[in-house]
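Read the structure below first, then the notes.
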Amino acid sequence: MGGRRNFFPLDELRGFRLILCQGVGIINYYVMRHTPFLPLAVLLASTSLTLIGQTPPAPAAPKNLIGNGGFETGFRRDNLWDGVDATGLLSSERGALPVLTTSGTIAETSMPVSVSLADMNGDGLSDIATTDVLGYFRIYFNSGTKEAPAFTTAELGSLFLSRPSTEVASSPIARRGPRAFLSDMTRSGGKSLIVGNYIGEILLIPNSGSGVKPDFRQPPDLARAVIPTMKDSTAKWGNVFAPATWDWNRDGKDDLLVGEGSYSANSIHLLLNEGSGASPKFSEDSRSVLAYGMGLEQLSPTVADYNGDGNQDLLVTERTGKVAVYLNSGKPWKPGETLPFDSFVPVGGAAAAGGSKDPMEAAKGTNLLSVGGLSTIANADMNGDGLFDLVFGKSNGRVAMSLNTGTKTAPKFAAPIELKGEANTPAFSMPSGWDVDFGLERGNFYGFVSIVKAADDPQAQPAEGTACLKAGYVASPNKSMPVPTQYFTGAPTFRAGVAAMFTASNIVLPASMFKMTQAGRGQLKVKTSYVFSMKVKGDRAKDAAVNISYAAERKLSDDKIKDRGDRGAVTVERNIAREEKNEFFTFSVGPQWTEVKKEFTVKIDNKDLSDLTQVTTWATGLMFNLAPGAGTIYIDEMKIIEK
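When we follow this note's numbering, the leftmost residue of the sequence shown carries the number 109, and every step to the right adds one.
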């Protein structure tokens, strides 16, 4: 070879990529100078990185603008339809409502689950009935003995007590936070429900079943179930009502006791029954204060003979979770007479240190029984020893019990213990990065959304990865009560247009309408096309649609402040250019995985925004209506890709 080289020197190979980028002329020069024995055509056919033992990088995958579109990550949410959380404790949905605080301001405050006690299936054992802040009604039937109460799971009643009627449709929270009391007021042979709520209504829900198989049904309109407490049936004299009933004036008719909340004097009111047992009637003429709060707030009463003198006293929970005692002297009650505050219930029967007849001072004492925070209260003999015990509904959604181990004249209560049940179903896995609405706040009984894997659900078989999203219904555990019926199926649906479904207030949508939304991640480029796609399958799903919305806005000038001259009040006039766009499209669902795909182009028509090149405010929305108790849908591989 005479020392001639037919390979590239290593130092010259380092610059080969640059040479390849400069054209065939340079390549020809390089080849002729260094490799005279290698045909040019062969070299040109080999001008890939294979000449130096490398492979060109694969093109980058297009960026998906939807986060967690494969539904591989999630967070735990307890399945509380059966009234038991993942730790096995009796529990209901939690929530907050705006009420007056001790500082004098209105603030969101955690509301307690309501509790009431009665034998609801005729077996001689006290069962626990609860209503949660959203208005769901449950009964925990006692499966134990007279000496040892025990609870497994709850049965869900056919009630959703916070669904707005026409006159309160503008306030979705108006009927939330209901407090329900199982009452003999109607003398019908079965316990009825007397319900107070946030807006200051008292409702009567009759037991349509029997003393063995209770059945509480949703009224066609909750407004028709309201018992007026004033001559003007539309007037309100308080709010956050907590009712109980008792024949306080001993005329053979149950009267109404109401603890109330934040916009009046925080007292226990007594409304004498001016009607009959079957048709109770109340008005302001028969209303008087039975016990003053004297600084205590958010009062919830129960009636019991606390000191064994044969007279019914008041036990009242208040904002901090303590139990105030108001003793009844036993003298015939007359309108205008009030029960005096006596003390707070101590733990273990010992006298509370720092006792005082001033509730605010007495509350500073030690050794006081407390469940911590707002609570409700009920009493019954839960262990067959002839003494009344206390059961509490807590603001964490749980139920606690305090057993009385004292005597009839000297009660002795243990510290409250949260009650255990039997977890019936595993927790849900909610998709991270998504705002999910499965109709919980509209009365969609047993609805859920959860990430599932093939190991969890053989029907899932994810289209990609290891998981997908499932929406549907869990099975009802009801045995004594009828399985709840879906009442709230009203419009808007496709008959009103797809846009109407997405723009309607959540609270007026059909209960069985599911919604998922995600705020946009990254930017959408103006005058650029994108492709939305996802995989779906399911059964008995309808009214399914996607909405991709975006908005652009620009401030055109400084805000102008205009003086209205009314106590110095001013209005602010903003000069902005804004444009909102929505891309709506529908899709259908079948038994096999099917791809849904839609192309859209981001456009801005407003001339004041014509120079914008991108929008940062956008979102993706998905809606579908599932047949109550039966419909199912699976979703996977949701993407938005720039075309």
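Glycine included, each C-beta is placed from N, C-alpha and C at the ideal position.
Reduced DSSP secondary structure (H/G/I, E/B, other) of residue i
i	result
SER394	helix
ARG629	coil
ILE281	coil
ALA333	helix
MET609	helix
LEU364	strand
LYS516	coil
ASN614	helix
LEU188	coil
LYS171	coil
LEU290	strand
LYS715	helix
ILE160	The pLDDT assigned to ILE160 is 48, lower than 50, so where the model puts this residue is not dependable; a value taken from the coordinates is nonetheless given after this. It is helical.
ASN315	strand
GLY230	coil
VAL241	coil
PHE180	In the sequence under discussion, the amino acid at residue 180 is Glu, which differs from the Phe named in the question. Residue state, collapsed to three classes: coil.
HIS142	Note that HIS142 scores 41 on pLDDT, short of 50, meaning its location in the model is unreliable and no value can be drawn from it.
PHE349	coil
PRO206	strand
ASN436	coil
HIS255	Checking the sequence shown, residue 255 turns out to be Glu, not His. Correct three-state label for GLU255: coil.
TYR306	coil
ASP355	coil
Residues near residue i by beta carbon distance below 8 Å, same chain, minus five either side
i	result
LYS520	GLY456, GLY457, ASN512, THR513 and GLY514
LYS465	PRO448, PHE449 and ASP450
GLY196	LYS528, GLY529, GLU530 and ALA531
GLY444	SER396
LYS516	ASP413, GLY416, GLY494 and LEU495
ARG295	GLY385 and ALA386
ILE749	PRO170, LYS171, ASN172, LEU173, TYR638, VAL639 and SER641
PHE692	VAL606, ALA607, PHE610, ALA653, VAL654 and ASN655
LEU718	The question names Leu, yet the displayed sequence has Ser at residue 718. ILE712, listed in sequence order.
Closest Cα partner of residue i within the set the options
i	options	result
ILE310	VAL591, VAL320 and GLY346	GLY346
TYR595	SER318, SER300, PRO322 and PRO327	PRO327
GLY403	THR428, ASN415 and ASN381	THR428
SER502	THR239, LYS171 and GLU180	Note on residue identity: the sequence assigns Lys, not Ser, to residue 502. For the residues THR239, LYS171 and GLU180, the minimum Cα distance to LYS502 belongs to THR239.
LEU495	ARG506, GLY505 and SER510	SER510
SER255	LEU198, MET338, ASP489 and ASP393	The amino acid occupying residue 255 in the given sequence is Glu; Ser does not appear at that position. Checking every option, the nearest Cα to that of GLU255 belongs to ASP489.
ALA659	VAL680, PHE640, VAL678 and ALA685	ALA685
ASP666	ALA653, ASN655 and VAL680	VAL680
ALA653	PRO618, VAL606, ASN683 and ARG629	VAL606
PRO440	TRP356, GLU469, VAL507 and SER391	TRP356
GLY243	ASP190, ASN305, PRO570 and GLN631	ASN305
SER375	GLU392, PRO585, PHE268 and ALA350	ALA350
MET338	ASP292, VAL366, LYS389 and GLY360	LYS389
LYS689	GLU526, VAL710 and LEU477	VAL710
PRO618	LEU734, PHE259, VAL591 and GLU745	LEU734
GLY367	SER391, SER408 and ARG506	SER408
GLU382	SER234, GLY369 and LEU364	LEU364
SER391	LEU378, LEU398, ALA399 and TYR400	LEU378
Cut-off 7 Å between Cβ atoms - residues of its own chain near residue i, not counting five sequence neighbours on either side
i	result
ALA215	PRO206 and THR209
PRO467	MET402, GLY403, LEU404, ALA432 and PHE449
ASP193	ASP186 and SER199
ALA627	ALA727
Proximal residues to residue i (C-beta, below 6 Å), its chain only, five neighbours per side dropped
i	result
GLY182	SER537, MET538, PRO539, SER540 and ILE559
GLY230	GLY319 and VAL320
MET624	TRP542, VAL544 and LEU730
TYR137	With a pLDDT of only 36 at TYR137, under the threshold of 50, the placement of this residue in the model should not be trusted, and no figure is reported.
Residue i beta carbon near the ligand SAM (any heavy atom closer than 7 Å)
i	result
ALA531	Absence of the ligand SAM is noted for the structure shown, with no ligands found whatsoever.
Practice task
Please confirm if the segment 636-656 is in contact with the segment 701-721, defined as three or more CB-CB distances below 8 Å between the two stretches.
Solution key: yes
Problem - Whole runs of the beta strand (DSSP E) within the segment 463-497, excluding any shorter than 3 residues - result: 483-488
Exercise for the section: Kindly confirm or deny that the segment 534-552 and the segment 246-254 touch, where touching means at least three C-beta pairs closer than 8 Å. Expected result: no
Problem - the segment 216-230 touching the segment 462-482, judged by at least three CB pairs closer than 8 Å - result: yes
Problem - Touching by the beta-carbon criterion (3+ pairs, under 8 Å), the segment 732-743 and the segment 574-590 - result: yes
Problem - Complete runs of the alpha helix (DSSP H) confined to the segment 524-600 [at least 4 residues] - result: none
Practice task
Entirely within the segment 374-432 and at least 4 residues each: give me those alpha helix (DSSP H) ranges in chain order.
Solution key: none
Exercise for the section: Would you be able to state if there are at least three C-beta pairs under 8 Å between the segment 702-716 and the segment 552-570? Expected result: no
Problem - In chain order, each beta strand (DSSP E) run of at least 3 residues that lies wholly inside the segment 633-713 - result: 637-647, 649-663, 668-671, 678-681, 684-694 and 702-709
Exercise for the section: Inspect the CB distances between the segment 328-336 and the segment 418-426 and report whether three or more fall short of 8 Å. Expected result: no
Exercise for the section: Specify whether the segment 278-287 and the segment 565-575 touch according to this definition: at least 3 beta carbon pairs, one from each stretch, less than 8 Å apart. Expected result: no
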